[in-house]
Amino acid sequence: MRRTKEDAEKTRLKIIEAALVLFSRNGFSNTTLAMIGTEAGYSRGPIYWHFKNKDDLYQAVLACSQEPLEQLIDNAARETANPVAAIDTFARQWLVLLAEDVWFRQSFEILLNKTELTEAVAPSLKRERELTRHIVDTLSQLVAQAQQLQQIPATQPAGKLGLLVYTYLMGVTQSWLFAPELFCLKQEEEFFVQRLHGMLMLN
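When you read off a place in the sequence shown, starting at 1, and then add 628, the result is the number in our numbering.
Right under this line is the structure:
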């Protein structure tokens, strides 16, 4: 029984991986379950065993590929002793994931560049918006803690600075995905983290 469950999970992950590749390449609307089955090496039977439809698979793809980001922000929230270091680490690890984790990178490619904002993807977008709010709220709380510890000047509201961190990282992410020839992300990771740190210090 255990082996059967392991095999089923391997099949599920292989389908998700194939869907991630095709959604990031072709977009949600231009990808069919038949195409995903071919990419994964399965008929549509195993796909329907694990997922109700393409929308359900799309939700699973984004949920699976965004798990590392959820872990990053949860780790940052626990680093209350040095909130500025927690923000720096979160930003650095976000960029490392973007450069090195294919699933993480492709999930952003799907969300930012390959998804039409239609009724079909509304549940997935709702989840992503909730994650965005959670990230911004957590960053804002870290900024507030840093201000209380006098690590960051309290000249701006913590909520605005938390939003600044998120939009800064999303700007780097979108720019690199759209035009990766502009800069080598691996080489510039520390530059971006240091500039973000500087903005928080000079607010």
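Cβ coordinates follow ideal geometry from the N, Cα and C atoms, glycine included.
Supposed contact pair residue j and residue i - C-beta distance, whole angstroms, cut 8 Å
{"i": "A688", "j": "I644", "result": "6 Å"}
{"i": "H762", "j": "I701", "result": "7 Å"}
{"i": "A646", "j": "A662", "result": "Actually they are not in contact, since the Cβ atoms of A646 and A662 sit about 12 Å apart, beyond 8 Å."}
{"i": "S657", "j": "L690", "result": "Rounded, the Cβ-Cβ distance is 16 Å, inconsistent with contact."}
{"i": "A719", "j": "V764", "result": "That belief does not hold up - the Cβ atoms of A719 and V764 are roughly 14 Å apart, past 8 Å."}
{"i": "R653", "j": "H678", "result": "Actually they are not in contact, since the Cβ atoms of R653 and H678 sit about 21 Å apart, beyond 8 Å."}
{"i": "Q773", "j": "T708", "result": "6 Å"}
Alpha helix (DSSP H) segment containing residue i, residue limits
{"i": "P696", "result": "E695 to R706"}
{"i": "L777", "result": "L777 -> no alpha helix (DSSP H), and no H or E assigned at all."}
{"i": "D716", "result": "P711 to E728"}
Proximity of residue i and residue j at Cβ, strictly below 7 Å
{"i": "L723", "j": "F732", "result": "no"}
{"i": "A705", "j": "T766", "result": "yes"}
{"i": "N727", "j": "L813", "result": "As written in the sequence, residue 727 is Ala, which differs from the Asn given in the question. A contact, by the Cβ cut-off of 7 Å."}
{"i": "L648", "j": "T659", "result": "no"}
{"i": "D729", "j": "H825", "result": "no"}
{"i": "N831", "j": "Q769", "result": "no"}
{"i": "K742", "j": "G655", "result": "yes"}
{"i": "G790", "j": "V771", "result": "yes"}
{"i": "Q802", "j": "L753", "result": "no"}
beta-carbon residue i near the ligand ATP non-hydrogen atom, thresh 6 Å
{"i": "E758", "result": "Looking at this structure, you won't find the ligand ATP or any other ligand, since it has none at all."}
Ordered list of alpha helix (DSSP H) runs contained in the region 629 to 702, each at least 4 residues: 630 to 654, 661 to 668, 672 to 678 and 682 to 693
Completely contained alpha helix (DSSP H) runs for the region 766 to 828, where each covers 4 or more residues: 786 to 806
Can at least three beta-carbon pairs, one atom from the region 701 to 719 and one from the region 764 to 783, be found at a separation below 8 Å? yes
Is there contact between the region 754 to 761 and the region 670 to 685, where contact requires at least three CB pairs shorter than 8 Å? no
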